[in-house]
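Student: My questions all concern the structure below.
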Amino acid sequence: MLGVAAAAAVAGAGLAWWRLSPKSADAQALDHWWASAFETPEGTVVQMAAFRGRPLLLNFWATWCPPCVQELPRLNAFYGSHKADGWQVLGLAIDQVASVRGFLQRSPLAFPVVLGGAAGMGLVRGLGNPNGALPFSVLFNANGTIAERKIGELSETDLQHWRASV
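The working numbering puts the first residue of the sequence shown at -2, with every later residue one more than the last.
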């Protein structure tokens, strides 16, 4: 009985790891990302191509996602500490405009935030997160290629590792 239970636990853990592990981004999705433009909560349009040339930490999040909300202050602190070194952070909210505006009024962020809507979820999947789980973060090298990805909340250790990797 114990052997069967142990095997089931290992199989379950393996399946969970496989389902939550980022997959390869498809080249078309990467091209689409750099050609995209999104509105800020204030209505300004931001071209994603403007972020090329320096490391970019892209974070897909939503106000209704507790781990997303929990990691935002950590990302904000990371941005504040490393923007002088050329680092960029961009939050792409998969949420309603009113919800994002209200959240940002209560908890302002120093890095830019854009609104993804339905197109944002397509990008989440295309950039290597087929299940669309949030939060999802992608680290782009200065040349625009993907260096790292993570499904789930970024830790301080993750951020330091990512910083050292580009």
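We put the CB at the ideal spot given by N, CA and C, even for glycine. Nothing here was measured: the structure is a model prediction, and the numbers come from that model.
Does DSSP put E36 in a helix, in a strand, or in coil?
Tutor: Looking at E36 - three-state DSSP - the assignment turns out to be strand.
Student: Would D155 pass as an interface residue toward chain B - the criterion being a Cβ-Cβ separation below 8 Å?
Tutor: Absence of chain B from the displayed structure is noted, only one protein chain being present.
Student: Thinking A139 and S162 are a contact (beta carbons under 8 Å), I'd like their distance in whole angstroms, please.
Tutor: Their Cβ separation, rounded to whole angstroms, is 12 Å, which puts A139 and S162 out of contact at 8 Å.
Student: Check each candidate in G40, L53, P38 and K80 and name the one with the smallest Cα separation from W30.
Tutor: The candidate whose alpha carbon is nearest that of W30 is L53.
Student: Scan the segment 42 to 102 and note each continuous beta strand (DSSP E) run of 3 residues or more that stays entirely inside, going in chain order.
Tutor: Qualifying beta strand (DSSP E) stretches, in chain order: 42 to 44, 53 to 58 and 85 to 90.
Student: Go to S162, then tell me how far its alpha helix (DSSP H) extends in each direction, as first and last residue.
Tutor: From DSSP, the alpha helix (DSSP H) with S162 extends over E153 to S162.
Student: Leaving out five residues on either side along the sequence, give the residues of the same chain with a beta carbon under 7 Å from the beta carbon of M45.
Tutor: Here the set comprises W30, W31, S33 and A34.
Student: Just grab the DSSP bridge partners of S134 for me.
Tutor: Answer is N56 and K147, bridged to S134.
Student: Return the Cβ separation of P64 and P132 in integer angstroms, given the expectation that the two are a contact with Cβ distance under 8 Å.
Tutor: Right, their Cβ atoms sit about 6 Å apart.
Student: Can you grab the Cα-Cα spacing for the pair E39 / L55, in whole Å?
Tutor: Approximately 19 Å between the Cα atoms of the pair.
Student: Can V97 and T60 be called in contact, C-beta distance under 8 Å?
Tutor: Yes, these two residues count as a Cβ contact at 8 Å.
Student: By the three-class DSSP mapping on this structure, what secondary structure does A2 have?
Tutor: Confidence in A2 is poor, its pLDDT being 43 and thus under 50, which makes the residue's placement too unreliable to answer from.
Student: Is H158 near the ligand ATP, with its Cβ less than 7 Å from a heavy atom?
Tutor: With respect to the ligand ATP, the structure offers nothing, as it holds no ligand at all.
Student: To the nearest whole angstrom, what separates the beta carbons of H79 and R146, a pair I think is in contact under 8 Å?
Tutor: Between R146 and H79 the Cβ distance is about 19 Å, and since that is not below 8 Å, they are no contact.
Student: Starting from L112, follow the beta strand (DSSP E) in both directions and report where the run begins and ends.
Tutor: Where L112 is concerned, the enclosing beta strand (DSSP E) stretches over V110 to L112.
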